[in-house]
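If you read the sequence shown in the UniProt record's numbering, its first letter stands for residue 1, the second for the next number, and so on.
Cβ coordinates follow ideal geometry from the N, Cα and C atoms, glycine included.
Please read the structure below before turning to the comments.
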Amino acid sequence: MTSTPGPHRLDHVVPLTEARLTAARNGWREKVLIYLTRDPSELLVLEHTDEYPTAGVQVPGGGVEPGEQPAAAAVRELAEETGLHSRSPAVYLESRIWDQAVAPSMVRHYFWVAAPADAPDRWSHVVTAGEEDEGMLFWLTFRSRNTAGLTAGYGWDSALDRLDSVLSARDH
């Protein structure tokens, strides 16, 4: 499940420490993306309301704040964007350098979190904090990971293969 070619020039995996150093050295933004699963086959996706029809289907995520560790950012962003508070830790999957043709370059850190047992099938949530997302309304739904419909070309699906490996190893 690798990313479909889209409006990016470079998308490659690097170790966490190297990714963070690259971001700091170049003044690039660090972002976390969270794969929240309810049993291994279901992935939480979010969609913007009709105000942003071109935003597509995404996973929760957002910026790493100055001095914040990426895992802590993943937990914070998950709560801000979904209203969910999982007791499961944020499990690091991989980091990617994402050099975009249409926006500033950035580093993305991907994490997996197991959904809380009481997570609903679908709900809406107003983002409670964050850069440009505060006050936005998101629609959230658990979907089959195989048919989640993540918008191609923007890196939402870039670490799904790594997620598969982690979940497979966990089950054995």
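For residue i, the three-state DSSP class (helix, strand or coil)
i	result
residue 144	strand
residue 121	coil
residue 127	coil
residue 150	coil
residue 134	coil
residue 18	helix
residue 171	helix
Residues that DSSP places opposite residue i in a beta bridge
i	result
residue 36	113
residue 163	Paired residues: none, contrary to the question.
residue 98	11 and 106
Residue i to residue j span [Cα, whole Å]
i	j	result
residue 245	residue 154	Because residue 245 is not part of the residues shown, which for the chain are 1 to 172, the question remains open.
residue 144	residue 37	10 Å
residue 156	residue 43	12 Å
residue 97	residue 162	16 Å
residue 82	residue 109	18 Å
residue 21	residue 69	13 Å
residue 94	residue 150	18 Å
residue 64	residue 133	14 Å
residue 139	residue 107	26 Å
residue 146	residue 86	23 Å
residue 92	residue 58	19 Å
residue 171	residue 112	15 Å
>> For a minimum of 4 consecutive residues, which ranges assigned as the alpha helix (DSSP H) are wholly contained in the region 55-95?
In response: 70-82
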